[in-house]
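Here is the structure we will look at.
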Amino acid sequence: MSVLHVVVLIPFLWAAAVPLMRKWTRRLHVGWLIIPLPAVLFAYFIGQISEIGNQSYTLAALPWITSLHIYFTVYLDGLSLLFALLISGIGSLVVLYSIFYMDKQKEALGPFYIYLLLFMGAMLGVVLSDNLIALYGFWELTSISSFLLIAFWHRRERSLYGALKSMLITVFGGLAMLAGFVLLYMMTGTFSIRELVANVDVISGQELFIPAMLLVLLGAFTKSAQFPFHIWLPDAMEAPTPVSAYLHSATMVKAGIYLAARLSPVFAGEPVWFWLVSGTGIATLIYGAYRALKQTDLKAMLAFSTISQLGLIMSLLGLGSAAAFYSLTGESLLYVKATTAAVFHLINHAIFKGALFMVVGIVDHETGTRDIRKLGGLMSVMPVTFTIALIGAFSMAGLPPFNGFLSKEMFFTAVLSVLKLDVWNMQQLGAIFPAIAWIASIFTFVYSMLLLFRTFAGNKKFEKLPRQPHEAPLGMLVPAVILASLAVVFGLFPNLLSYTLIAPAMAAIHPALLAEGGQFEVSIHLWHGWTPEIAMTVGVIAAGTLLYRLHSRSKVLHQPLFEKISLNGVYDRGLRGAVSGAKRLTDWYMTGSIRQYLIYIFVFLIGSLGITMVRSTNLRWDFTGFAPISLYEAVIIFALIVAVIAVPFARSRMMAIILTGTVGYIVTLFFVIFRAPDLALTQMIVETVSVTLFLLCFYHLPKLKKELESLRFRLPNFLIALGVGVTMTLIALFAAGGRSFESISDFFLKESYNLGGGKNVVNVILVDFRGFDTLLEITVLGIASYGIYALIRMKRDDEAISASAGQREERSPIKLIRSNDVIFNTIAKLVIFIILTFSLFLFFSGHNEPGGGFIGGLMTAGALVLFTMAFGMSTIKEVIPIDFRLVSAIGILVALLTGIGSFLFGAPFLSHTFGYFDLPLLGHTELATAMLFDLGVYLTVVGITMTIILAIGRDR
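Here the sequence shown is numbered in the working numbering, starting from 31 and rising by one per residue.
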């Protein structure tokens with residue numbers, strides 16, 4: 031495992047450690063324990079600038095699912111370094127800001143910082159992943175963690191609404207993006223971004239190329255709030271201001287920008303890419319700027335401003351893709367400068383927008399409102415905050431000498447260069463780009479001035495404010511001051527970034543041009559003469575000043591044009607329609623009848639498998655080599671059939687349970703005859719526990735009514751049962767008689783000891799060869815046990831609430847489920863000890879003899895079930911005061927950590943090793959890492975079984 035892998039994973043580990051920090055957080059704000067992590071990460075990435083600046087990169091890979099070419103590959107080049115610096119640098123300032131913004135006494139700070147760290151780790155995973163599937167995993171994790179952050183104030187309806195909207199839209203885009211990744215894999219056979227770039231000439235002409243591009247862009251547009259998918263971003267502003275400053279100005283919304291930049295070398299040669307990226311970006315730019323004019327909430331104004339600025343960056347990436355149509359000439363470099371402007375403005379926007387979000391948070395924190403109509407005159411009481419706001423607003427408006435002015439001038443240069451583009455009929459359409467860019471810049475100037483002067487200048491309205499305004503504490507000012515200072519420094523000395531961050535990022539976005547022998551020249555100056563760009567800027571200031579004066583008088587500028595028709599309305603109506611439609615459909619087939627649910631399942635099973643068998647041409651009968659059926663096997667089969675037929679004729683639940691258990695034990699006898707001791711032990715214990723579970727369930731059910739006790743023959747039920755039996759029998763016969771490949775059992779028999787170090791083939795398969803299946807199985811079982819516990823607990827809570835409200839009469843308490851047989855209780859004490867001892871023997875010997883963690887866990891659970899039957903549910907809690915839910919969780923964690931531990935040795939997930947050692951008392955002994963995984967299985971099985979048993983059989 032490389033340092034970069036640690037960098038990606040450490041935020042998640044830090045988040046897991048937050049609950050363990052409680053004793054330090056009683057007197058200390060949690061943020062002080064969090065801030066060292068992003069600060070150290072930022073320092074690490076700063077240290078990588080010199081190496082990456084020399085056009086080198088760092089690459090490290092860990093195998094994951096090698097058969098599908100899925101690796102956990104991390105890749106640090108100029109582009110990923112730039113984003114990593116933004117994630118860690120802005121993250122450090124946001125954490126510092128949040129320490130003074132979030133109230134220690136009133137806020138749940140632990141979950142807040144856990145979500146923040148999860149988001150930080152997910153974003154680092156996105157920008158550092160070279161494998162598309164790993165990138166997708168982190169991509170969706172950003173959506174999940176941002177959902178948690180937006181809904182942090184979950185008692186507010188708008189917070190939940192905004193979180194759900196952002197989740198639905200970004201996850202929808204993420205799924206589309208995943209489909210695009212799969213199409214790219216189908217064309218190239220690789221998920222590596224580097225290999226995709228190397229094979230761009232091979233895939234550019236294929237029929238799946240354009241669909242893959244469209245799907246990938248859908249993911250990028252939804253994440254970066256491009257029109258018309260922008261509607262989630264304003265509602266996401268219901269999150270705490272530190273979240274908005276981090277997620278929605280510097281990091282999460284930039285993920286789509288990163289994806290478009292990263293995959294530009296793959297798609298930039300297509301006209302569709304140019305038109306979609308630049309066209310969508312320029313439309314988003316002017317739409318967001320125009321909507322920002324109409325906002326009265328400061329955060330809403332910044333939200334639409336962010337949408338507009340993201341459109342600006344996206345349009346620059348689209349315009350920069352035109353460089354792919356030219357060789358490395360001056361004309362080609364003209365369009366490369368558009369990408370240079372995109373990278374530069376990416377940095378500038380994170381700086382001035384982060385500062386402005388912090389300013390808005392300060393205003394809200396110190397005055398109690400963000401309504402611009404109630405604010406004014408704050409300059410006199412909040413001079414430092416006003417200075418920060420002035421720098422941020424002027425930079426956003428594109429005024430000198432701040433950094434936003436420089437990247438805005440470069441933006442004007444890029445849109446004017448479109449007029450010189452001699453492909454795609456740009457002679458007729460090229461003028462659209464500079465016209466829209468100029469108008470959008472005027473709107474940007476206006477809302478920047480509104481934000482600044484309507485808040486801090488003008489008449490004082492302190493009597494309308496919920497709180498008496500005053501300057502913010504130093505801790506809230508310092509992060510904003512740092513960002514404002516950077517806006518000034520990078521405005522006066524822009525070339526500090528030219529060859530440290532911008533040029534290496536350009537090399538990552540345009541590697542083909544660099545490979546031709548050219549050198550990216552990045553030279554940014556505050557003044558470069560009287561140019562058309564300067565003339566456009568002067569026009570922006572003049573027209574913007576006029577519109578600022580007319581803003582309050584013109585309804586077109588400050589009131590919505592279409593109140594009844596909006597994209598938000600379309601979303602709301604669509605969501606309500608989907609929910610109501612889903613409810614109607616669900617109510618149609620979800621009737622509450624388990625019998626009907628089983629009919630659905632069995633009919634689908636018969637139909638799908640039956641049609642498959644009829645249409646298949648590879649199925650054949652081959653019974654050669656089958657052993658003859660002996661007399662005692664025929665007798666057991668006859669007994670099994672009789673027991674099965676007797677089940678539906680049972681006239682009581684108790685008899686049905688006994689007959690069902692009889693069927694299971696007869697199957698156990700077959701395993702014994704066929705010399706499968708592991709399966710026999712497992713089947714026997716499962717049947718024992720299942721019978722107990724049935725008894726506990728039926729104990730709480732009302733007695734059978736007389737009309738239900740009599741057998742009523744139902745033809746549909748008979749036909750369905752017969753169909754399932756015939757279908758499964760045919761499948762078993764076809765599977766046994768028509769194998770297309772040699773059995774893999776020979777491989778397991780030969781290699782279980784050589785590769786797994788165990789002579790028990792069944793156990794080696796479970797914990798080594800197919801360990802991933804076992805891990806998923808115990809995880810699913812654990813989730814199921816928690817679900818059962820939650821349902822039963824919820825039912826009891828509802829009953830308690832109803833009882834307290836007088837809605838029902840109090841029932842007589844149920845007696846303890848226990849035996850009062852003295853002989854049984856006495857024998858149980860000895861038998862329980864024997865069973866527990868035998869279960870430990872099965873666990874420790876399972877790698878070479880019949881047994882293992884699964885069987886040992888079931889045997890231990892069986893002993894505990896016997897204990898509860900003999901001495902009652904309450905007694906086991908006194909003797910073993912353990913929360914078995916925690917036991918199953920620890921078991922899953924042990925199994926998972928065992929799999930992750932293989933990464934430390936450069937091996938794939940869940941790789942195992944073994945060796946022989948001379949140990950005291952034990953002598954020459956085999957030790958295998960699979961034993962740790964088996965321990966996790968053992969604990970999980972015990973925890974799951976007892977959680978269900980105790981939940982269902984708990985005394986009321």
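We put the CB at the ideal spot given by N, CA and C, even for glycine.
Residue of L248, I666, L480, L980 minimising C-alpha distance to F259: As a first step, residue 259 is located in the sequence shown; it is residue number 229 there, counting from the start. The option with the nearest alpha carbon to F259 is L248.
Local conformation of F202 per DSSP, three classes: Position 172 of the sequence shown holds residue 202. In this structure, F202 counts as helix in the three-state DSSP scheme.
Extent of the continuous beta strand (DSSP E) run through G953: Taking the first residue of the sequence shown as 1, we reach residue 953 at position 923. Counting along the chain, the beta strand (DSSP E) containing G953 begins and ends at 953-958.
Under 8 Å between C-beta atoms of L888 and V719: As a working mapping, residue 888 is identified with position 858 in the sequence shown. As a working mapping, residue 719 is identified with position 689 in the sequence shown. Yes, they are a contact pair.
Environment of L927 [buried if 16+ CB atoms lie within 10 Å]: The count along the sequence shown starts at 1 and reaches residue 927 at position 897. Exposed is the call here.
Cβ distance (whole Å) where G929 is taken to contact Y968 below 8 Å: For the purposes of this step, residue 929 is taken as the residue at position 899 of the sequence shown. For the purposes of this step, residue 968 is taken as the residue at position 938 of the sequence shown. Their Cβ separation, rounded to whole angstroms, is 16 Å, which puts G929 and Y968 out of contact at 8 Å.
Buried/exposed call for P534, threshold 16 Cβ in 10 Å: Along the sequence shown, read from residue 1 onward, the residue named residue 534 stands at position 504. With 16 or more Cβ atoms within 10 Å of its Cβ, P534 is classed as buried.
Pick from L340, Y320, G299, Y191 that is closest to A250, judged by C-alpha positions: Counted from its first residue, the sequence shown places residue 250 at position 220. Nearest of L340, Y320, G299, Y191 to A250, Cα basis: L340.
Counted within 10 angstroms of its Cβ, other Cβ atoms place G235 as buried (16 or more) or exposed: By one-based count along the sequence shown, residue 235 stands at place 205. So G235 ends up on the exposed side.
Cβ-based burial, I671 [other Cβ within 10 Å; buried from 16]: Locating residue 671 in the sequence shown gives position 641, counting from the first residue. Exposed: under 16 other Cβ atoms inside 10 Å.
Those runs of the alpha helix (DSSP H) which lie wholly inside the region 651-682 and span at least 4 residues: 661-676
Under the three-state DSSP convention, the category S222 falls into: Locating residue 222 in the sequence shown gives position 192, where the first residue counts as 1. Of the three classes helix, strand and coil, the one that applies to S222 here is strand, per DSSP.
Spatial neighbours of I163 in its chain, beta-carbon cut-off 6 Å, leaving aside the 5 residues before and after: Locating residue 163 in the sequence shown gives position 133, where the first residue counts as 1. Result list for I163: I100, F221, in chain order.
The region 168-177 contacting the region 229-243, beta-carbon criterion three pairs below 8 Å: no
Residue span of the beta strand (DSSP E) that contains V411, given as start and end: On the sequence shown, residue 411 is found 381 positions in, with the first residue counted as 1. V411 -> no beta strand (DSSP E), and no H or E assigned at all.
Sequence-distant residues of its chain with Cβ nearer than 6 Å to T397 (five each side left out): Mapped onto the sequence shown, residue 397 falls at position 367. Answer for T397: L495, R497, P499, listed in chain order.
For L894 and F656, the rounded distance between their alpha carbons: By 1-based counting over the sequence shown, the position of residue 656 is 626. By 1-based counting over the sequence shown, the position of residue 894 is 864. Rounded to the nearest angstrom, the two C-alpha atoms are 42 Å apart.
Stretch-stretch touch, CB-based, cutoff 8 Å, three pairs: the region 941-952 with the region 684-695: no
Buried/exposed call for H558, threshold 16 Cβ in 10 Å: Walking along the sequence shown from the start, residue 558 turns up at place 528. With fewer than 16 Cβ atoms within 10 Å of its Cβ, H558 is classed as exposed.
Status (buried if at least 16 other CB within 10 Å, exposed otherwise) for D964: Locating residue 964 in the sequence shown gives position 934, where the first residue counts as 1. By the 10 Å Cβ count, D964 comes out buried.
Which of helix, strand or coil DSSP assigns to Y87: As a working note, residue 87 is residue 57 in the sequence shown. Of the three classes helix, strand and coil, the one that applies to Y87 here is coil, per DSSP.
Under 8 Å between C-beta atoms of L481 and L328: Here the question's residue 481 lines up with position 451 in the sequence shown. Here the question's residue 328 lines up with position 298 in the sequence shown. Cβ distance < 8 Å, so L481 and L328 count as in contact.
Own chain partners of P272 with C-beta closer than 6 Å, once the 5 adjacent residues on each side are dropped: To locate residue 272, count along the sequence shown from 1; it is residue 242. Closer than 6 Å at the Cβ level, and outside the excluded window around P272, lie V124, Y127, S128, Y131.
N- and C-terminal bounds of the beta strand (DSSP E) containing G1002: Limits of the chain in this structure are 31 at one end and 986 at the other, which puts residue 1002 out of reach.
S159, DSSP secondary structure in three states: Numbered from its first residue, the sequence shown carries residue 159 at position 129. Looking at S159 - three-state DSSP - the assignment turns out to be strand.
Sub-8 Å separation of V989 and L347 beta-carbons: Because the chain spans 31 through 986 in this model, residue 989 falls outside it and cannot be assessed.
The alpha helix (DSSP H) enclosing I571, as first and last residue numbers: In the sequence shown, residue 571 corresponds to position 541, counting from 1. I571 -> alpha helix (DSSP H) spans 562-580.
Those runs of the alpha helix (DSSP H) which lie wholly inside the region 461-503 and span at least 4 residues: 462-486
Where L347 falls: helix, strand or coil (DSSP): Your numbering for residue 347 matches position 317 in the sequence shown. Residue state, collapsed to three classes: helix.
G786, buried or exposed, once every other Cβ within 10 Å from all chains shown has been counted against 16: Along the sequence shown, one-based indexing puts residue 786 at 756. G786 is buried by the Cβ-count criterion.
CA-to-CA distance, G391 to A45, given in whole angstroms: On the sequence shown, residue 45 is found 15 positions in, with the first residue counted as 1. On the sequence shown, residue 391 is found 361 positions in, with the first residue counted as 1. So the alpha carbons of these two residues sit roughly 25 Å apart.
Three-state secondary structure (DSSP) of L214: Here residue 214 refers to the residue found at position 184 when the sequence shown is read from its first residue. Of the three classes helix, strand and coil, the one that applies to L214 here is helix, per DSSP.
Residue interval of the alpha helix (DSSP H) (run including L238): As a first step, residue 238 is located in the sequence shown; it is residue number 208 there, counting from the start. Where L238 is concerned, there is no enclosing alpha helix (DSSP H), given that its DSSP letter is neither H nor E.
Residues bridged to I95 [DSSP beta-bridge criterion]: Counting from one through the sequence shown, the residue named residue 95 turns up at place 65. Answer is I100, bridged to I95.
Whether I343 touches R292 by CB criterion (8 Å): The residue you call residue 343 lines up with position 313 of the sequence shown. The residue you call residue 292 lines up with position 262 of the sequence shown. No, Cβ-Cβ distance for I343 and R292 is not below 8 Å.
Nearest to P301 (by Cα), restricted to the options L451, L323, T443, L263: In the sequence shown, residue 301 corresponds to position 271, counting from 1. The shortest Cα separation from P301 among L451, L323, T443, L263 belongs to L451.
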